[in-house]
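Before any comments, here is the structure.
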Amino acid sequence: MDGSASAASYLDSNLVLSKAASSAIDRSQMRVNFTAYATASLAVGLSALIGWFVQDWLVEGLPVVAFLPAIVVAAALGGSRAGLFAAALSVAIARPLFLNSPSLQAFGPRIAGSLLFLLLASLAIVTAVALLKIAIERVAVEAQKERSLIESAPNGIIVVGRAGKMLAANSSAERLFGYRREELLGRSVEMLVPKRASVTHKVVREAFQRSPETRPMGAGRDLRARRKDGDEFPVEIGLNPLEWSNEPAVLATITDITERKQHEERQRILARELEHGVGNFFALILAIIRRTLTTGRSISEAEQILTGRVQSLAKVHAVASEAMFQKVSMDKLLETDIAGFRDQIEAKGLDVSLSAKAAQAFALVINELVTNAVKHGALSTPSGRVLIDKRVEDIEGEKFITFEWKERGGPPVTAASRKGFGSFIIEEWPKQFDGRTTITYPPSGLSYQLHLPLASVTDNAGVDSA
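The sequence shown begins at 30 in my numbering and counts up by one.
Following this line, the structure appears as structure tokens:
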């Protein structure tokens, strides 16, 4: 019972609300109708007054045309019904006001003709105004659709006129360039172009406007745009000629491709890294083979040593791959990388758990140092030695991991006359962690020192004593 009562109460309240809303709409419509009819009456009255004043200077019966402007006004402002109301009122007033002279009374057809003319002219005016309003509304709807499509587009859109002034811009363009819309409209589009390219852009824009066609802008070239704060960013721009407010214009669609460019740059670095890594891998294999197949070893002994060293090298790559997904011990990276040269490399100091990203970078650095030592340094001769030390130091109030690689007993070394990708790895790669590197070439052999901020490479991982 309670549920039924509640439902009934709910329905009753909704019914009351519906009636109230309907009543409010009816009152609003009545106000609109009253205003329209009042306007029509006022216009007809004013026309009648004007006709009455000028009738002495016009042919008898002609003053009825004074009502036609009133009908136009009534139909334009109040709609067809108000226009018809004004026509009926005009016909009713015209007979006693302008068609009452004795000469017209003698010619009844002239009175009928004047009234018929007024009536037909009124109907034609009301119909023409109604059709004109429909056409205007359709044009307005289409323009609104066009503007809504532009406004809702995810890419920045700017409409540029023939003089290079911006006629329209959507909210995406505001966000993209950092300007408010009123700061863009009426301004030259060159304000969105880097200053060094503004003159060239103007020449290209004017050439496009002379023979416009739908096409991408600057195909095959790197295009850059400029934000309000002066920051530049890479873009792709599509150009489409169109009519805007009865003026030839160009709709430019601007896409920020910063992320794509960054991805492409990462792909290029990865490709170079892969190419370099493969070269290093084969160089290490070749060096291991040469070092293993020395005079005095039997085939079986050389096979055993070579197999062990190649397996150690495989472990290095396995650990480097593992570092892509989880934290890895610095000692583990070192052990796997120098496993083939344990008799020549001495490592001491603290062990640190590196983050996945830092472990990958560190593995590349170690692999590069080992490869260089095998090719040109201490590991290229049986008597050469490498000393590795790892420690944590306070530098300018911040904790740093210090990694040292010192070569001894190898051939004389000198600084490279040109730097390749290997130099980029051991010198530039650590900078992504705000690291610092120092490379010296004393007579005793190459010395490499690396300082890495503890917080940036460990993700707060622990530090253990070795």
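Glycine is no exception: its CB is placed at the ideal position from the N, C-alpha and C atoms.
All values derive from a computational prediction rather than experimental measurement.
Name the residue from R209, G108 and I122 whose alpha carbon lies nearest to the alpha carbon of I187. Here residue 187 is taken as the residue at index 158 of the sequence shown, counted from 1. The residue with the shortest Cα to Cα distance from I187 is R209.
Just to check my reading of the structure: E433 and G406 have Cβ atoms closer than 8 Å, yes? What is that Cβ distance to the nearest angstrom? In the sequence shown, the residue the question calls residue 433 occupies position 404. In the sequence shown, the residue the question calls residue 406 occupies position 377. Contact doesn't hold; Cβ gap of about 15 Å is too wide.
Proximity winner among A376, M195 and L363, relative to F391 (alpha-carbon distances): Walking along the sequence shown from the start, residue 391 turns up at place 362. Answer by Cα proximity: L363.
Check whether R382 and T487 have beta carbons under 9 Å apart: Counted from its first residue, the sequence shown places residue 382 at position 353. Counted from its first residue, the sequence shown places residue 487 at position 458. Arg is not the amino acid found at residue 382; the sequence shown has Ser there. Yes, these two residues count as a Cβ contact at 9 Å.
Since L213 and D285 should fall inside the 8 Å C-beta cutoff, what is the C-beta to C-beta distance between them, to a whole number of angstroms? By one-based count along the sequence shown, residue 213 stands at place 184. By one-based count along the sequence shown, residue 285 stands at place 256. That belief does not hold up - the Cβ atoms of L213 and D285 are roughly 16 Å apart, past 8 Å.
Going along the chain, which residues of its own chain have a beta-carbon closer than 8 Å to the beta-carbon of G378, five neighbours each way excluded? Here residue 378 refers to the residue found at position 349 of the sequence shown. Answer for G378: I417, D418, K419, R420 and A495, listed in chain order.
The segment 164-175 in contact with the segment 105-121 per 3-pair CB rule at 8 Å: They do not touch, by the three-pair rule.
Which of the three DSSP states is assigned to I286 in this structure? Counting from one through the sequence shown, the residue named residue 286 turns up at place 257. I286: coil per DSSP, three-state reduction.
Based on Cα-Cα distance, which residue from E302, E288, D260 and T282 lies nearest to T243? Here residue 243 refers to the residue found at position 214 when the sequence shown is read from its first residue. Closest by alpha carbon: T282.
Out of E166, A202, A164 and E422, which has the shortest C-alpha to C-alpha gap to I179? By one-based count along the sequence shown, residue 179 stands at place 150. Nearest option by C-alpha distance: A202.
Using 10 angstroms around the beta-carbon of A153, count the other beta-carbons present and answer buried if the total reaches 16, otherwise exposed. Looking up residue 153 in the sequence shown gives position 124. Here A153 is exposed. Its C-beta has fewer than 16 other C-beta atoms within 10 Å.
Using only the alpha-carbon positions, how far apart do I424 and P482 sit? What you label residue 424 is simply residue 395 of the sequence shown in a count that begins at 1. What you label residue 482 is simply residue 453 of the sequence shown in a count that begins at 1. Near 9 Å, if we compare the C-alpha coordinates of P482 and I424.
Pick helix, strand or coil for T443, following the three-state DSSP scheme. Counting from 1 along the sequence shown, the entry for residue 443 is found at position 414. Coil.
Work out the CA separation of T64 and Q58 for me, nearest whole Å. Indexing the sequence shown from 1 puts residue 58 at position 29. Indexing the sequence shown from 1 puts residue 64 at position 35. For Q58, the pLDDT reaches just 45, beneath the cut-off of 50, and the residue's location in the model is therefore unreliable, leaving the point undetermined.
So the beta strand (DSSP E) H480 belongs to, where does it begin and stop? Within the sequence shown, the letter at position 451 stands for residue 480. H480 -> beta strand (DSSP E) spans S476 to P482.
Please classify K435: does DSSP put it in a helix, a strand, or coil? Sequence index remark: in the sequence shown, residue 435 carries index 406 (1-based). Note: K435 maps to strand in three-state DSSP.
Is it true that the CB of L113 sits closer than 9 Å to the CB of S151? Against the sequence shown, residue 151 aligns to sequence position 122. Against the sequence shown, residue 113 aligns to sequence position 84. Yes. Within cutoff.
Residue from R295, A387, S227 and S240 with nearest C-alpha to R253: Here residue 253 refers to the residue found at position 224 of the sequence shown. R253 has its Cα closest to that of S227, out of R295, A387, S227 and S240.
Measuring straight from C-alpha to C-alpha, what distance separates W458 and V279? Taking the first residue of the sequence shown as 1, we reach residue 458 at position 429. Taking the first residue of the sequence shown as 1, we reach residue 279 at position 250. For W458 and V279, the distance between alpha carbons rounds to 45 Å.
Distance, R465 Cα to L398 Cα: In the sequence shown, residue 398 corresponds to position 369, counting from 1. In the sequence shown, residue 465 corresponds to position 436, counting from 1. About 16 Å.
Quick check: what's the CA-CA separation for D360 versus I367? Mapped onto the sequence shown, residue 360 falls at position 331. Mapped onto the sequence shown, residue 367 falls at position 338. Between D360 and I367, the alpha-carbon positions lie close to 10 Å from each other.
DSSP three-state label for N275, please. Looking up residue 275 in the sequence shown gives position 246. N275: coil per DSSP, three-state reduction.
Is V357 helix, strand or coil by DSSP? In the sequence shown, residue 357 corresponds to position 328, counting from 1. Three-state result, V357: strand.
Would you mind sorting Q373 into buried or exposed? The rule is 16 or more other CB atoms within 10 Å of its CB. Reading the sequence shown from its first residue, position 344 is the one you call residue 373. Under this definition Q373 is a buried residue.
Give the C-beta separation of K224 and G193 to the nearest angstrom, bearing in mind that I take them to be a contact with Cβ-Cβ under 8 Å. For the purposes of this step, residue 224 is taken as the residue at position 195 of the sequence shown. For the purposes of this step, residue 193 is taken as the residue at position 164 of the sequence shown. Actually they do not touch by this definition, with Cβ atoms about 16 Å apart.
Taking C-alpha atoms, which residue in A387, I395 and S200 lies nearest to T365? In the sequence shown, residue 365 corresponds to position 336, counting from 1. The candidate whose alpha carbon is nearest that of T365 is I395.
Rounded straight-line distance, which links the Cα of T410 to that of I468: Here residue 468 corresponds to residue number 439 of the sequence shown, with the count starting at 1. Here residue 410 corresponds to residue number 381 of the sequence shown, with the count starting at 1. When rounded, the distance between both Cα atoms is 21 Å.
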